[in-house]
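J.: With our numbering, the residue at position 221 of the sequence shown is 221, and numbering never jumps. Note that CB positions come from ideal geometry on N, CA and C, so glycine has one too. None of these values were measured; they are calculated from a predicted model. Below is the structure I would like to discuss, written out as structure tokens.
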Amino acid sequence: MPETHERQLSTSEDETGKQRRSSSSASENRATMVTYWKRNSNPNLQSMMLDTNADKINQFEYPEILECLPDLDGKRVLELGAGIGRFTKRFAQLAKSVVAVDFMESFLEKNREENSHYGTVEFLHKDATQLSFERNSFDIVFSNWLFMYLSDEETEQLLQKSLSWLSPDGTLFFRESCFHSSGNIKPDENPTYYRSPRQYIDICQSRILNGTPEHPHDQVYELIFAKALESYYEIKNNNNQVK
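Structure (structure tokens):
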């Protein structure tokens, strides 16, 4: 389906982000990212969203995100960057199985405390860029604020792998901050990559999974929608939170 936007998105991009993408190696980027999140590792909503108004925002953002997803009943879900589990809970309640991944141990332990009793969640303390699964392992791959913390190369590679992990009629959903930061908690160092929606669309549409004798048909991503979160526009006058 064609790309749609509920509101016109900005077209300027953070120049620091452009320079960082072109100059930083993957190892440098990963080391910086680990340090960044260790400084923001309190397992609470404010640290996850980097915003002192996180509780208020979450009331409106949470249902808006969930209503974008397909029916979860009977689905196998991979949640990348699961954090403290604010979306994991809903997946655990409705889906057949959930693999919740995060590289911050404090976040994942909080997630485990809140959601392990459902009995449907496997918790993986691992870097999303290092994951490996069999082809067609999941029906839904979900991430919320993950790719903006990965380099261009890492983003391309993870989206390629996600294509192989998804079933042929599966769904990839991700939401990112585009162009600039959204939270009012400003860390001393911000290693985030603020891309444009167009860049994410181009990366996805350039991925192709070639068929094999066992899986004879090629797989590609088909764009269903790309639009700004209404909740962020209404609360923060920010139309650069894109899902």
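1. Hey, out of S164, E105 and D152, whose CA is closest to V220's CA?
2. DSSP state of E230, grouped into three classes?
3. With distances taken from CA atoms, which of T129, Y118 and S47 is nearest S97?
4. Mapping the DSSP letters down to three states, classify P168 as helix, strand or coil.
5. Does N144 come out as helix, strand or coil in the three-state DSSP assignment?
6. Could you check which residue in Q205, S206, F123 and F179 has the C-alpha nearest to that of Q241?
7. How is A95 classed by DSSP in three states: helix, strand or coil?
8. DSSP has H125 in a bridge; who is on the other side?
9. My understanding is that G170 touches F138, with C-beta atoms under 8 Å, so please give their C-beta distance in whole angstroms.
10. Please state whether DSSP places F138 in a helix, a strand or coil.
11. Measure the Cβ-Cβ separation of M49 and G183 and say whether it is below 8 Å.
12. Between I208 and the rest of its own chain, which residues show a CB-CB distance below 7 Å, the 5 nearest in sequence each way excluded?
13. Going by the CB atoms, is the gap between S116 and P248 shorter than 8 Å?
14. Can you confirm whether the stretch 223-231 touches the stretch 58-66 when touching is taken to mean that 3 or more C-beta pairs between the two stretches lie within less than 8 Å?
15. Should K96 be listed as close to the ligand MN, given that the test is whether its C-beta is under 7 Å from any heavy atom?
16. Quick check: the Cα distance between R195 and S177, rounded to an integer number of angstroms?
T.: A quick look at the data gives this:
1. Taking the sequence shown and counting its residues from 1, one reaches residue 220 at position 220. Measuring from the Cα of V220, the nearest candidate turns out to be S164.
2. By one-based count along the sequence shown, residue 230 stands at place 230. Three-state DSSP puts E230 in a helix.
3. The count along the sequence shown starts at 1 and reaches residue 97 at position 97. Among T129, Y118 and S47, the Cα nearest to that of S97 is on Y118.
4. The sequence position of residue 168 within the sequence shown is 168, counting from 1. P168: strand per DSSP, three-state reduction.
5. Mapped onto the sequence shown, residue 144 falls at position 144. In the structure shown, N144 sits in a strand (DSSP, three-state: E or B).
6. Here the question's residue 241 lines up with position 241 in the sequence shown. Of the candidates Q205, S206, F123 and F179, the one whose C-alpha sits nearest the C-alpha of Q241 is F179.
7. In the sequence shown, counting from the first residue as 1, residue 95 sits at position 95. Coil, per DSSP.
8. Mapped onto the sequence shown, residue 125 falls at position 125. According to DSSP, which records beta bridges pairwise, H125 is partnered with D102.
9. Position 170 of the sequence shown holds residue 170. Position 138 of the sequence shown holds residue 138. That pair is a contact at about 6 Å.
10. As a first step, residue 138 must be located in the sequence shown, where it is residue number 138. Here F138 sits in strand by DSSP.
11. Taking the first residue of the sequence shown as 1, we reach residue 49 at position 49. Taking the first residue of the sequence shown as 1, we reach residue 183 at position 183. Going by C-beta atoms, M49 is nearer than 8 Å to G183.
12. Sequence index remark: in the sequence shown, residue 208 carries index 208 (1-based). Excluding sequence neighbours, I208 sits near D218 and V220.
13. Within the shown structure, residues of the chain are numbered from 1 to 243, placing residue 248 beyond reach of any answer.
14. yes
15. Although the ligand MN was asked about, the structure shown includes no ligands whatsoever.
16. Your numbering for residue 195 matches position 195 in the sequence shown. Your numbering for residue 177 matches position 177 in the sequence shown. Distance between the alpha carbons of R195 and S177: 8 Å.
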